[in-house]
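Numbering (the UniProt record's numbering), first residue to last: 1 to 121. Every residue, glycine too, gets a C-beta built ideally from N, C-alpha and C.
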Amino acid sequence: MSGPCGAQRCAICPYMMKAEYFTDPSGRKYSVRNNVDCKSSNVVYAVNCRRCRRFVYVGKTGGTLYQRHLLNLSRIRTQHSVPEAEHFYNDGHSRDDFQIMGLEKLSGSDEYRKTMEQLWK
């Protein structure tokens, strides 16, 4: 299950999707394999647009989702040209449309995270 950590002052919780399944662009459903929240590290995640109702990016991080997405929210605010952010400062979108879904907690190296990230795409 993907969801917020529930900490009172967590800046990322409002952006975390609570979900048990990930639906890819072709409509296939995959279950979220572990409990993933803002404090989870070594994670493959998806970025969703609330306005478009679609996933716009699948990525990975060795750090926590909290750390990664504080950076992404900053990149949206400063209109930094990276795939995770670009969608949210164009065509009437904003950071309010930004949503995160943890897909899978992993163990292992960055190389393994890259492999798993590709499988989720």
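Considering only the beta carbon of each residue, do G62 and N42 sit closer than 7 angstroms?
Translated into the one-based positions of the sequence shown, residue 62 becomes position 62. Translated into the one-based positions of the sequence shown, residue 42 becomes position 42. For G62 and N42, yes; Cβs fall inside 7 angstroms.
Taking V32 and F22 to be in contact with their CB atoms under 8 angstroms, please state how far apart those CB atoms are, rounded to whole angstroms.
Here residue 32 refers to the residue found at position 32 of the sequence shown. Here residue 22 refers to the residue found at position 22 of the sequence shown. About 6 angstroms separates the beta carbon of V32 from that of F22, a gap short enough to meet the 8 angstroms contact definition.
My output table needs one value for Q99: the three-state DSSP class, helix, strand or coil.
Counting from 1 along the sequence shown, the entry for residue 99 is found at position 99. Here Q99 sits in strand by DSSP.
Quick check on this structure: which residue in D91, P4, A19, R51 has the alpha carbon closest to the alpha carbon of S40?
If you number the sequence shown from 1, residue 40 lands on position 40. It is P4 whose Cα lies nearest to the Cα of S40.
Pairing CB atoms from the stretch 88–102 with CB atoms from the stretch 110–119, are three or more of them under 8 angstroms?
Two segments are said to touch when three or more pairs of C-beta atoms, one from each, lie closer than 8 angstroms; by this definition the stretch 88–102 does not touch the stretch 110–119.
Beta strand (DSSP E) segments (min. 3 residues) lying fully within the stretch 14–53:
Listed in chain order, the complete beta strand (DSSP E) runs (minimum 3 residues) inside the stretch 14–53 are 21–23, 29–31, 41–49.
Nearest CA to the CA of L103: which residue from C13, M17, C10?
Your numbering for residue 103 matches position 103 in the sequence shown. Checking every option, the nearest Cα to that of L103 belongs to M17.
With which residues is G59 paired in a DSSP beta bridge?
The residue labelled residue 59 in the question sits at position 59 within the sequence shown. For G59, which the question treats as bridged, DSSP gives the partners Y45.
Which term fits Q79, buried or exposed, when burial requires 16 or more other beta carbons within 10 angstroms of its beta carbon?
Counting from one through the sequence shown, the residue named residue 79 turns up at place 79. Counting C-beta atoms within 10 angstroms of its own C-beta, Q79 has fewer than 16 neighbours from the protein chains shown and is therefore classed as exposed.
Please classify K121: does DSSP put it in a helix, a strand, or coil?
Counted from its first residue, the sequence shown places residue 121 at position 121. The three-state reading of DSSP puts K121 in coil, since its state is none of H, G, I, E or B.
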